[in-house]
Structure formats: structure tokens, C-alpha cells
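Undergrad:
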Amino acid sequence: MGTAIWRPDLATGVAEIDRQHEELLANVTMLRSAARTGQVGMAELVLTFLERYAAEHFASEERAMWQAGYPDLDAHWSLHLAFATELARRKAEYQESPSPADLLLEMGMWMDRWLEDHVLGPDAAMARFLRGHDARLAGPAPRAPSTRPTPPSAA
Ligand SMILES: [Fe+2]
Ligand SMILES: [Fe+2]
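17 is the number of the first residue of the sequence shown in our numbering; add one for each residue after it.
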């Protein structure tokens with residue numbers, strides 16, 4: 017697929033995470049279109065933003081997983097780390113490249129695919145756990161007040 021456009025099936029049901037994913041995808045779209053039209057300076061600005069925003073987003077997911085005691089935190093954290101490592105590798109490659117717009121476009125396409133797979137897979141699983149955790153924290157639904165008359169106290 018790789019459309020980098022927000023779609024309802026990407027929603028995890030955790031509002032803050034969904035808002036951040038939407039922001040990430042909107043910026044990937046911007047990166048791709050700037051690269052496609054040869055606006056290298058613009059694409060670089062968006063890339064710098066994306067790098068920082070992705071790091072903040074990952075940190076906020078990791079915080080939420082930690083607080084909720086998510087059992088797959090380590091595996092999820094490794095995926096985030098792999099993304100950051102690959103992005104750094106691609107940036108270094110880009111800085112050496114004789115055709116920067118092509119590499120920026122490729123970077124945008126890679127990011128697009130990665131985000132979509134990550135949101136639909138590990139993020140969706142994490143969000144299911146977080147939603148369950150919130151529900152557990154809220155506790156059982158309050159019971160309706162008893163209508164049973166209070167027995168008279170023994171005299
Ligand atoms: Fe995410
Ligand atoms: Fe994630």
C-alpha cells in the first residue's frame with residue numbers, strides 16, 4: 017500500500033497516539049511530495065522535523081507501555097530503535113549522494129511503509145493492551161445503590 021495518508025483502519029483507539037500517527041503520516045506525505053517536485057530544501061526541513069517528532073512519539077509510546085506494565089515493551093522498543101538506526105544510516109547515505117532528491121523520495125517511501133506496518137502491527141497490539149489497562153484502572157462499574165430497606169437495629 018504505502019499511501020501515507022491517515023485512514024480509519026490505522027486508528028489504535030488511543031487518542032494521543034492516533035493524533036501523533038496522523039501528524040507523522042502528514043509529514044511523510046509532505047516529504048514525499050517535496051522530494052518528488054525537487055524541493056530538496058523543503059524536503060530536508062520536513063525530514064529534520066520527522067526525525068525529532070518520531071523520537072518524541074516513540075518516547076511517549078514507551079512511557080505509556082512502561083506505566084501500563086506492557087509485557088512486550090522490550091520488543092517494541094527494539095523496533096523503534098531499528099527505525100532510528102535505519103533513518104540515521106539513510107541520512108548518512110543521503111549526505112554522500114550525487115542525486116539527493118531520489119534518495120529523499122526513497123526515504124519517504126521507506127518511512128511510509130515502515131509506519132503503516134508498525135501502526136497496523138505492533139502499535140495496534142500495544143494500544144489494545146493500553147485500552148484494557150485503562151479499563152482495569154477504572155475498576156468495575158459502580159454498583160447501583162441498594163434499594164433494600166435497612167433492617168431496624170436490634171433493640
Ligand atoms: Fe507509533
Ligand atoms: Fe510504536
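Ideal Cβ positions, reconstructed from N, Cα and C, are used throughout, including at glycine. From a predicted model like this one, the values you see are computed outputs, not experimental measurements.
Which same chain residues end up closer than 8 angstroms to A71 when comparing Cβ atoms and leaving out the 5 residues on each side of it in sequence?
TA: Correct list, in chain order: A100.
Undergrad: Whose C-beta lies closer than 7 angstroms to the C-beta of M17 among residues of the same chain, with five residues either side of it excluded?
TA: Because M17 carries a pLDDT of 45, less than 50, the predicted location of this residue cannot be relied on, and the following value inherits that uncertainty. The answer, listed in chain order, is E132.
Undergrad: If you count every other CB in all the chains shown that lies within 10 Å of the CB of A104, and 16 or more means buried, which is it?
TA: exposed
Undergrad: Quick check on the burial criterion: 16 or more other C-beta atoms within 10 angstroms. Buried or exposed for E77?
TA: buried
Undergrad: Look at the Cβ atom of L120, then the Cβ atom of A51, and state whether they are nearer than 8 angstroms.
TA: yes
Undergrad: Where does L47 land, buried or exposed, given buried means 16+ other C-beta within 10 angstroms?
TA: buried
Undergrad: Take W82 as the anchor and find which of F145, G155, P168 and A151 has the nearest alpha-carbon.
TA: Of the listed residues, the one whose Cα sits closest to W82 is F145.
Undergrad: Relative to the C-alpha of W22, which residue among R129, E109 and A98 is closest?
TA: If we check each option's Cα against that of W22, R129 comes out closest.
Undergrad: Excluding five sequence neighbours on each side, which residues of the same chain lie with their C-beta closer than 7 angstroms to the C-beta of P116?
TA: V56 and Y110
Undergrad: May I ask you to check if the CB of H149 is nearer than 7 angstroms to at least one heavy atom of ligand 2?
TA: no
Undergrad: Can you give the beta carbon distance from V172 to G124, rounded, assuming they're within the 8 angstroms contact cut?
TA: For the chain, the structure presents residues 17 to 171; residue 172 sits outside this window and is missing.
Undergrad: I'd like to check one pair, H92 with P156: are the Cβ atoms closer than 8 angstroms?
TA: No.
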